[in-house]
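To start, the structure itself, in C-alpha cells.
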C-alpha cells in the first residue's frame, strides 16, 4: 500500500510502500509526534490498511509534532477575575431600558426638565425680589426715598441729580483695609530691600574673589627673562 507521510514543514512529504497489517506507530519518524488523517486521529496500534478510504488510492497521513504545555493555572486566574468583576456592582442604570424601550437616563432627564419648567415662576419671583432688594439698598446709599415697584424705583434713580451726588464728599472708612494695605506695602518694601542687599553683597564677593585670583595668578607667573646685551663687532 502506498502511504503519503506528510512531515512537518520544512521536511516535506515522504512516499512509502508498506504492508496493510503494519502498525501505524512504525511510520513515526520521531517519538514526540502523533498521527492523524484528514478526518481523525490515528492510534499507534492501528494497522495502516484500516486507514484506506478506497481501494487503489494512497493513504494520506500527517505527522504532527507535540508541543510542550504551560504550567497551567490560567483557568483559576479567569475564575478569580470573574469573581472580582461580579462583586463590583454599580447603581448606575441610566443605560437600561424600560418595557417601552426608552432608556432610563432619558426618562430622568425629561423629569428634570419638567420640574424645571414648573419651578420657573418661583425662580423669576426670587430673581425679582433680589433685584428689588439691590435697588432699595442702592437708593438708601444715594439718599433716595424708597418704595414702589422695581420700574418706579428705576425711574426715581433716573430722576436723581447725579451731578449733585457727585459733588457730595464720601469718606472711605475701612480701618481693616487700610491696615492690610499698609502692611502689604511694608512687606513688599522689606522684601525688595533684602533682595537688593543680597545682590549687592553677592556682586561684592564676586569682585573680591576676582581680584584675589588675579593677584594669585600674577604671583605664579615666572619673572621675565633678561635680554642678552648686544656684542659689538670688530671693525
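In full-length UniProt numbering, the protein residues as written are 1 to 235. Yeah, the Cβ is synthetic: ideal placement off N, Cα and C, and Gly gets one too.
DSSP places residue 54 outside both helix and strand once states are collapsed to three, so it counts as coil. For residue 217, the three-state secondary structure derived from DSSP is helix. Of the residues assessed, residue 133 falls on the exposed side of the cut-off, its CB having fewer than 16 other CB atoms within 10 angstroms. Just so you know, the alpha carbons of residue 208 and residue 216 end up roughly 12 Å apart.
A Cβ-Cβ distance of about 6 Å is found for the pair residue 63 and residue 8, placing them in contact under the 8 Å criterion. Here residue 42 is buried, its C-beta having at least 16 other C-beta atoms within 10 Å.
For residue 121, no pairing in a beta bridge is given by DSSP. Taking every protein chain shown into account, the CB of residue 61 has 16 or more other CB atoms within 10 angstroms, so this residue is buried. In the assembly as shown, residue 21 is an exposed residue. Its beta-carbon has fewer than 16 other beta-carbons within 10 Å. With fewer than 16 other CB atoms across the displayed protein chains lying within 10 angstroms of its CB, residue 188 is exposed.
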